[in-house]
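K.L.:
Before anything else, here's the structure in question.
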Amino acid sequence: MIQVLYISSAIEPFSTKELLGLLEVCRESNAGIGVTGMLLYGNGTFLQVLEGEEKVIDGLLDRIRHDPRHTDFHILHRHPIERRQYSDWSMGFKRLSDRELQDIEGLRDFTEKDFTPERLLAHNTIVQSLMHHFRKERLKSIGQSELGVDEEDRMINVLHRIIRGAVRVLAVLMVVTILWGVVDVAMVLYTQVFRPSFEDFQTRDIVVAFGAFLAVLIAIEIFMNITLYLRDDVVHVKLVIATALMAIARKVIVFDFHKIEPMYVLATAAVVLALGIVYWLMDAKMAWGADQQRR
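Residue numbers are given in the numbering used here: position 36 of the sequence shown equals residue 63, and the series is strictly consecutive.
Given below as structure tokens:
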């Protein structure tokens, strides 16, 4: 992943309504392409930090650079990162005012009129102070990520690091489980499919083989969910829903309809339908956001 910070000037001053409209589009589209960050606006100047995969960020920057609503586009810094610093895009926005700027330590004499590309390009320390202050304020207002290590309480940071270590151990153990499951798939294929003669081969053998394959796929999905706890961005609810759907699908495949009750089948169908609708709605929302960004 990379982090990019840029500055630009609006062709015309943005009204509050226009800023809210811009922010709404950014929230929707960036959520669909995995981009996080924060936007500061004041005195007709944009200061924005973006985080995400390099190819995605480069494509987004190209669209932003050619946006006719602003000019004097300059990249202040660009560097690789291991984890995100701005985890919630929806709250990553601040419209600057003299009152807001007076609360920043070390910038008592800095006013909204000083918030210009020329001044910021010449004083990198001011940029860093601004981003650090509003990032800190934003984190206080929304709460840190579940296992963030930037809390003010040192004890909490230590405990979070311990839990992060435990998550890493769980991830390693899940990889062992996945490898074990792959071996089990090979054994099932050998004992249920390849070893028996054609006359002994039954449909039930295929079902058992499918169950073994799906168990490994579910383990992989669980591994991905475990590793999400090591990230500072929002939890991927869509991935959790997909895992639940896959788990229920495996259960449906191996149903013994001679032993289970009809109501059990109907209840399972209702759960599958509900999860499917939620997954479809989330996918449609992300696709709409990406389409708005392309426009």
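Glycine included, C-beta positions come from ideal geometry on N, C-alpha and C.
Short of 7 Å in beta carbon distance, which residues of its chain neighbour alanine 198, apart from the five on each side in sequence? Order them along the chain.
P.N.:
Residue numbering aside, residue 198 sits at position 171 when the sequence shown is read from its first letter. Only Phe250, Ile253, Thr254 meet the Cβ criterion.
K.L.:
For phenylalanine 240, which of Thr218, Ala193, Val212 has the nearest alpha-carbon?
P.N.:
Walking along the sequence shown from the start, residue 240 turns up at place 213. The option with the nearest alpha carbon to phenylalanine 240 is Val212.
K.L.:
Starting from histidine 187, trace the alpha helix (DSSP H) both ways and give me its first and last residue.
P.N.:
Looking up residue 187 in the sequence shown gives position 160. Unbroken alpha helix (DSSP H) run through histidine 187: 181-215.
K.L.:
Using CA coordinates, which residue listed in Gln155, Leu66, Ile108 is at the minimum distance from cysteine 53?
P.N.:
By one-based count along the sequence shown, residue 53 stands at place 26. Minimum Cα distance to cysteine 53 is reached at Leu66.
K.L.:
Between the Cα of lysine 119 and those of Ile29, Gly192, Phe161, spot the shortest distance and give me the residue it belongs to.
P.N.:
As a first step, residue 119 is located in the sequence shown; it is residue number 92 there, counting from the start. Lysine is not the amino acid found at residue 119; the sequence shown has glycine there. Closest option to glycine 119, Cα to Cα, is Phe161.
K.L.:
Name the residue from Arg191, Val243, Arg181, Asn184 whose alpha carbon lies nearest to the alpha carbon of valine 210.
P.N.:
What you label residue 210 is simply residue 183 of the sequence shown in a count that begins at 1. Comparing Cα-Cα distances from valine 210 to each of Arg191, Val243, Arg181, Asn184, the minimum goes to Val243.
K.L.:
Taking the alpha-carbon positions, what's the asparagine 57 to aspartate 136 distance?
P.N.:
Mapped onto the sequence shown, residue 57 falls at position 30. Mapped onto the sequence shown, residue 136 falls at position 109. Approximately 35 Å between the Cα atoms of the pair.
K.L.:
Out of Arg277, Pro107, Gly59, Arg96, point me to the one whose CA is closest to isoleucine 38's CA.
P.N.:
Numbered from its first residue, the sequence shown carries residue 38 at position 11. Measuring from the Cα of isoleucine 38, the nearest candidate turns out to be Arg96.
K.L.:
Could you tell me the distance, in whole angstroms, from the CA atom of valine 261 to the CA atom of threonine 72?
P.N.:
Within the sequence shown, residue 261 is the residue found at index 234, counting from 1. Within the sequence shown, residue 72 is the residue found at index 45, counting from 1. The predicted position of valine 261 is uncertain, since its pLDDT is 47 and thus under 50; a value taken from the coordinates is nonetheless stated next. If you take the alpha carbons of valine 261 and threonine 72, they lie about 28 Å apart.
K.L.:
Whose C-alpha, out of Glu80, Thr204, Gly69, Asp94, is nearest the C-alpha of lysine 140?
P.N.:
Your numbering for residue 140 matches position 113 in the sequence shown. The shortest C-alpha separation from lysine 140 is found at Gly69.
K.L.:
Could you name the residues of the same chain whose beta carbon sits closer than 7 Å to that of threonine 98, not counting the 5 residues immediately before and after it, in chain order?
P.N.:
Within the sequence shown, residue 98 is the residue found at index 71, counting from 1. Here the set comprises Ser35, Ser36, Ile38.
K.L.:
Note down, in chain order, each residue of its chain lying with its Cβ closer than 8 Å to the Cβ of isoleucine 268, except the 5 sequence neighbours on either side.
P.N.:
Position 241 of the sequence shown, counted from the first residue, corresponds to residue 268. Closer than 8 Å at the Cβ level, and outside the excluded window around isoleucine 268, lie Leu302, Val305, Tyr306, Met309.
K.L.:
Does the distance from the C-beta atom of isoleucine 29 to that of arginine 105 stay below 8 Å?
P.N.:
On the sequence shown, position 2 is the one that residue 29 refers to. On the sequence shown, position 78 is the one that residue 105 refers to. Taking 8 Å as the Cβ cut-off, isoleucine 29 and arginine 105 qualify as a contacting pair.
K.L.:
Taking Cβ positions only, does threonine 98 come closer than 8 Å to chain D?
P.N.:
Going by chain labels, chain D is absent from the structure shown, which holds only one protein chain.
K.L.:
Beta-carbon separation of leucine 74 and valine 31 under 8 Å?
P.N.:
Counting from 1 along the sequence shown, the entry for residue 74 is found at position 47. Counting from 1 along the sequence shown, the entry for residue 31 is found at position 4. No, the pair does not count as a contact, with Cβ atoms beyond the cut-off.
K.L.:
Helix, strand or coil for arginine 105, going by three-state DSSP, please let me know.
P.N.:
In the sequence shown, residue 105 corresponds to position 78, counting from 1. Residue state, collapsed to three classes: strand.
K.L.:
Compute the distance between the beta-carbons of isoleucine 60 and valine 76, then report whether it is under 8 Å.
P.N.:
Taking the first residue of the sequence shown as position 1, residue 60 is located at position 33. Taking the first residue of the sequence shown as position 1, residue 76 is located at position 49. Not closer than 8 Å, so no.
K.L.:
Please list, in chain order, all residues of the same chain as valine 121 whose beta carbon is under 6 Å from its beta carbon, the five residues on each side excluded.
P.N.:
Locating residue 121 in the sequence shown gives position 94, counting from the first residue. In the sequence under discussion, the amino acid at residue 121 is lysine, which differs from the valine named in the question. Hits under 6 Å: Leu67, Phe161.
K.L.:
Measure the alpha-carbon distance for glutamine 129 versus threonine 138 and round it to whole angstroms.
P.N.:
Working through the sequence shown from its first residue, we reach residue 129 at position 102. Working through the sequence shown from its first residue, we reach residue 138 at position 111. Rounded to whole angstroms, glutamine 129 to threonine 138 spans 8 Å at the Cα level.
K.L.:
To the nearest whole angstrom, what separates the beta carbons of glycine 79 and valine 62, a pair I think is in contact under 8 Å?
P.N.:
Here residue 79 refers to the residue found at position 52 of the sequence shown. Here residue 62 refers to the residue found at position 35 of the sequence shown. At roughly 4 Å, the Cβ-Cβ gap stays under 8 Å, so glycine 79 and valine 62 are in contact.
K.L.:
How is the alpha helix (DSSP H) around glutamate 45 delimited, first residue to last?
P.N.:
If you number the sequence shown from 1, residue 45 lands on position 18. Taken as a continuous stretch (DSSP letters only), the alpha helix (DSSP H) holding glutamate 45 covers 43-60.
K.L.:
Would you grab the beta carbon distance between glycine 64 and tyrosine 113 for me? Rounded to a whole angstrom, and I think it's under 8 Å.
P.N.:
If you number the sequence shown from 1, residue 64 lands on position 37. If you number the sequence shown from 1, residue 113 lands on position 86. Their Cβ separation, rounded to whole angstroms, is 5 Å, which keeps glycine 64 and tyrosine 113 in contact under 8 Å.
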